[in-house]
Amino acid sequence: MKNKTNQSTLIAIVFTIFSLISTLALGDEKGIAIAKETDRRDLGWGASTVNLKMLLRNSNGETSERQIRISSLERSEKGLGDLSLTIFDTPGDVKGTAFLSHTKVFKPDDQWLYLPALKRVKRISSKNKSGPFMGSEFAYEDLLSFEVEKYKYKYLKDESCITAKSKCFLMERIPVYENSGYTRQLVWIDHAHYRVNKVDYYDRRNALLKTLVFSNFKKFKNRYWRALTLEMTNHQTKKSTLLTFSKYDFEVKLNKNNFKPNKLKRIR
Amino acid sequence: MLKIKMPDCIIWCFFFITINTASFAKNISYTNELGVDHTMFMQKSEVLVKENYENNLSLSINSKLDYRIDSYKIFLHGFARKSQKDAERSHLDIREAYLQYISEGYDLSIGLAREFWGVAESLHLVDVINQVDNLEASDGEDKLGQPMIRLNLFRDWGDVSLYLMPYFRQKEFASPEKRLSNWLPINKNATYKNSHGKNHLDYALRYQNYFGDLDIGISHFRGINREPLLFAENDRLQAEYFISRRNGIDLQHTSESWLLKLEVLSQKRQSKTFFASVAGFEHTIYGIYESHDLGILGEYQYDNANMPYLPQSSSNNDIFLGLRYSLNDTNSSALLVGALIDRQDQTAIYSIEAESRLYDDCKIALTGRFFSNVNEKNILSSIGKDDFINLELITFF
């Protein structure tokens, strides 16, 4: 009898430890719940194509523009992120260059680059998560698809949103994937639709580095919200990058065969 | 390959105008690149007949058009160069002109096209489809369009490409009076060791796939060897083209910041087998200073060279070391310095390549090549004093 009590106490202790560990691993319950709900509401979008204009502004206000087209395909298998193909239309010297990414949640992504002048498809290293994308204020990791398991979460408080009309959850998330350039991020997510409204990025020294603001939200397929305007401001260099999305198409028919490295040679 | 003459100019102007007027139509995308470059040669050449010009100005243009209608694609790419001091390097070429049918599981092309095989940086060993444009005195990455019928198949178990090449384009050589050329002039009539001459039907096959971190390519080619054998005959060089059978493998392993590369080629000629390989790595240190990246490249080139029936090779026991520094700035500024050293005779080529965008549609590029310790028996001996620096401005419109 005594033994049995001991056993059940032991089980209870072990159980508590396990649940503590799992809570510690992903953060507090409310934080995780918000992250999961954000993720859940964006499941099932399928495939999309979109045009993107990037406007790079330096500290003197001088600007430089890039035109890009992106095709994406959602993958629902566990551990696999989305497939994406990015084609550059301007500036002239990179026209026709294409970047193919097979993203994964925990393992390094598989990435290929197509160099049209040489007709060469080149597998590249995907370690460089914190490096700038096309000389902009966006790092590669800022543009990757959101996966719940990539962060630990801590719900902080409710605050009014910067772009949406409703209240926002303010929470902290800490990247747990390798090679991130950030110690933590503060994220504002609106109550009404669980859309990310704003992110503050803190660098490796835990100083505020950048702020990203999402605006101009539009609903697609009656369900999926996309911000058509994203503005990233770097507080340390005073540079900024404005992304404007247009011609979103969620009806496009894409499958995984459209994202084969060898097919980069025939893209347009 | 054509020298620029008046009628050619008309043809090219017609090509250029066609590309640019067609661009107003829908489904068409086009690009023009106009380059102006200046080359400075830093030493006097030892080749007696060589005109020792120190400066050369040249102009180049590339026009590309991509037209899609339903499942069809038409691609045109014309190229022209006008060189101030070196009339022989003034030339026109149709780099590509093909019609392609595109389906999900395959595509079929007919016309002049270009192809790239392989993974290495210092030597493109398995790459064989196109003849190099030898009048473009660069790193051999400029290639002539190859007439072909090409079928690409995309399958779950990998991709297969089949090539039928009914016409061969021979290598052009600048005359010895010019910089970066051979000791002797070339005889214009090359000899062919096959009964159909240039019209020999070459074919090639390639399989390509990736397995996790490993990208793999296996290729086979049977046809006219792109590189001729050169014999000295009555103070001229005679080029002889022979049929070769080549099998190649290229592999790249990509993990974290390391790329490991290997290309192996075997070639049979007169019952002897020739082996060549290039193996190396590329390691990148990301964010070495702010957001700058430093890449370290090392490659070793080996072949059981000096085979009696094969063209002389300059890659029999050579080491390439390089550093690539990328600023990742708005102008995509990058610098590559490299050294290719022959371990047998210590002949070395040092190179520098730097580029940056001046504004959105204008780029500036600096290229330098310096030859050192060139052994008189080395294949590079005739250009040993042709060290140069080239500065180019390219606009895109």
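The listed protein sequences derive, respectively, from chains A and B.
Every letter in the first sequence is one number past the one before it in the working numbering, and letter 203, counting from 1, is 355.
Every letter in the second sequence is one number past the one before it in the working numbering, and letter 329, counting from 1, is 346.
We put the CB at the ideal spot given by N, CA and C, even for glycine.
R263 (chain B) and Q284 (chain B) - do their beta-carbons sit closer together than 8 Å? Cβ distance < 8 Å, so Q284 (chain B) and R263 (chain B) count as in contact.
If R98 (chain B) sits next to S80 (chain B), beta carbons under 8 Å apart, how far is it from one beta carbon to the other, in whole angstroms? With a Cβ gap of about 13 Å, R98 (chain B) and S80 (chain B) do not count as contacting.
On the three-pair Cβ rule with 8 Å, is the region 251-258 of chain A touching the region 231-240 of chain A? As far as the Cβ criterion goes, the region 251-258 of chain A touches the region 231-240 of chain A, which means the pair count is three or higher.
With a 10 Å radius around its C-beta and 16 neighbouring C-beta atoms as the bar for buried, classify K412 (chain A) as buried or exposed. Classification of K412 (chain A): buried, given that the 10 Å Cβ count is 16 or more.
Burial state of H108 (chain B), where buried means 16 or more other Cβ atoms lie within 10 Å: For H108 (chain B), the number of other beta carbons within 10 angstroms of its own is at least 16, and it is reported as buried.
With distances taken Cα to Cα, identify the nearest neighbour of Y306 (chain B) among B:K402, B:S330, B:N345, B:A296. Taking the Cα of Y306 (chain B) as reference, the smallest distance to any Cα among B:K402, B:S330, B:N345, B:A296 is reached at B:N345.
Is the shortest distance between the beta-carbon of K271 (chain A) and the beta-carbons of chain B less than 8 Å? Closer than 8 Å to some Cβ of chain B, the Cβ of K271 (chain A) qualifies, so yes.
Given 8 Å, three or more beta-carbon pairs between the region 293-309 of chain A and the region 317-331 of chain A: With a cut-off of 8 Å, the region 317-331 of chain A and the region 293-309 of chain A count as touching, because enough Cβ pairs lie within range.
Hey, K195 (chain B) and D103 (chain B) are a contact pair by Cβ (cut 8 Å); roughly how many whole angstroms apart? A Cβ-Cβ distance of about 5 Å is found for the pair K195 (chain B) and D103 (chain B), placing them in contact under the 8 Å criterion.
For T175 (chain A), name the three-state secondary structure that DSSP assigns. Only weak support is given to the placement of T175 (chain A): the predicted model assigns it a pLDDT of 49, under 50, and the value that follows is read from those uncertain coordinates. Residue state, collapsed to three classes: helix.
Beta-carbon of T271 (chain B) versus every beta-carbon of chain A: anything under 8 Å? Yes, T271 (chain B) lies at the interface with chain A (some Cβ there is under 8 Å from its Cβ).
Examine chain B for any beta-carbon lying closer than 8 Å to the beta-carbon of N358 (chain A), and answer yes or no. So no, N358 (chain A) is outside the interface.
Euclidean distance between Cα positions of W340 (chain A) and R374 (chain B): Going by the C-alpha atoms only, they are around 37 Å apart.
Quick one: what does DSSP say V300 (chain A) is sitting in, helix, strand or coil? Of the three classes helix, strand and coil, the one that applies to V300 (chain A) here is helix, per DSSP.
Are any of the Cβ atoms in chain B nearer than 8 Å to that of S200 (chain A)? Interface flag for S200 (chain A) against chain B is unset, since no Cβ pair is found closer than 8 Å.
Measuring CA to CA, which of A:H345, A:A316, A:Y353 is closest to F366 (chain A)? Selected option, being the one with the closest Cα: A:A316.
If I'm right that E113 (chain B) touches R131 (chain B) with Cβ under 8 Å, what's the distance once you round it to whole angstroms? The pair is a contact, with the Cβ atoms about 6 Å apart (cut-off 8 Å).
Could you give the C-beta distance for L129 (chain B) and P164 (chain B), rounded to a whole number, given that I count them as a contact under 8 Å? About 6 Å separates the Cβ atoms of L129 (chain B) and P164 (chain B), confirming a contact at the 8 Å cut-off.
Could you confirm whether any beta carbon from chain B is found closer than 8 Å to the beta carbon of D355 (chain A)? Using a Cβ-Cβ cut-off of 8 Å, D355 (chain A) does not count as an interface residue toward chain B, since no Cβ of chain B sits closer than that to its own.
Beta-carbon spacing of F219 (chain B), R239 (chain B) below 8 Å: Sequence inspection shows Asp at residue 219 (chain B); the Phe mentioned does not correspond to that position. Yes, they are a contact pair.
Measuring alpha carbon to alpha carbon, tell me which of B:L168, B:N204, B:I241, B:I203 ends up nearest V145 (chain B). Distance check between V145 (chain B) and each of B:L168, B:N204, B:I241, B:I203 places B:I241 closest, using alpha-carbon atoms only.
Would you tell me roughly how many angstroms separate the C-alpha atoms of E403 (chain A) and E311 (chain A), rounded to the nearest one? Cα atoms of E403 (chain A) and E311 (chain A): separation of roughly 36 Å, rounded to the nearest angstrom.
Which class does E194 (chain B) belong to by DSSP, given the choice of helix, strand or coil? Of the three classes helix, strand and coil, the one that applies to E194 (chain B) here is coil, per DSSP.
Can you confirm whether T175 (chain A), when its beta carbon is compared against all beta carbons of chain B, has any partner nearer than 8 Å? The predicted position of T175 (chain A) is uncertain, since its pLDDT is 49 and thus under 50; a value taken from the coordinates is nonetheless stated next. For T175 (chain A), the answer is no, since every Cβ of chain B falls outside 8 Å of its Cβ.
Check whether chain A comes within 8 Å of I119 (chain B), counting only Cβ atoms and requiring the distance to be less than that. Chain A, which has a Cβ nearer than 8 Å to the Cβ of I119 (chain B), makes this yes.
Thinking C-alpha only, which one of B:F133, B:I260, B:S272 is nearest N211 (chain B)? Of the listed residues, the one whose Cα sits closest to N211 (chain B) is B:I260.
Check whether the Cβ of L408 (chain B) lies closer than 8 Å to any Cβ atom in chain A. Residue contact with chain A for L408 (chain B): absent (no Cβ-Cβ distance below 8 Å to any residue of chain A).
Quick check on DSSP: helix, strand or coil for P268 (chain A)? Note: P268 (chain A) maps to coil in three-state DSSP.
Length-filtered (3 minimum) beta strand (DSSP E) runs lying within the region 112-195 of chain B: Qualifying beta strand (DSSP E) stretches, in chain order: 123-130, 163-172, 175-182.
In chain A, which residues lie less than 8 Å from Y227 (chain B) when you measure between Cβ atoms? D262, R275, P413, listed in chain order.
Would you check if the distance between the CB atom of S343 (chain B) and the CB atom of D377 (chain B) is smaller than 8 Å? By the CB criterion at 8 Å, S343 (chain B) and D377 (chain B) fall outside the cutoff.
Rounded C-alpha distance that separates G339 (chain B) from T384 (chain B): G339 (chain B) and T384 (chain B): Cα-Cα distance of roughly 14 Å.
Positions along the region 298-321 of chain B whose CB lies within less than 8 Å of some CB in chain A: Within the region 298-321 of chain B, T301, Y303, G304, S308, D310 place their CB atoms closer than 8 Å to a CB of chain A, listed in sequence order.
Nearest-angstrom Cα separation, counted from E189 (chain B) out to K20 (chain B): Its pLDDT being 49, under 50, K20 (chain B) is placed unreliably by the model, and the measurement read from it follows with that caveat. Rounded to whole angstroms, K20 (chain B) to E189 (chain B) spans 11 Å at the Cα level.
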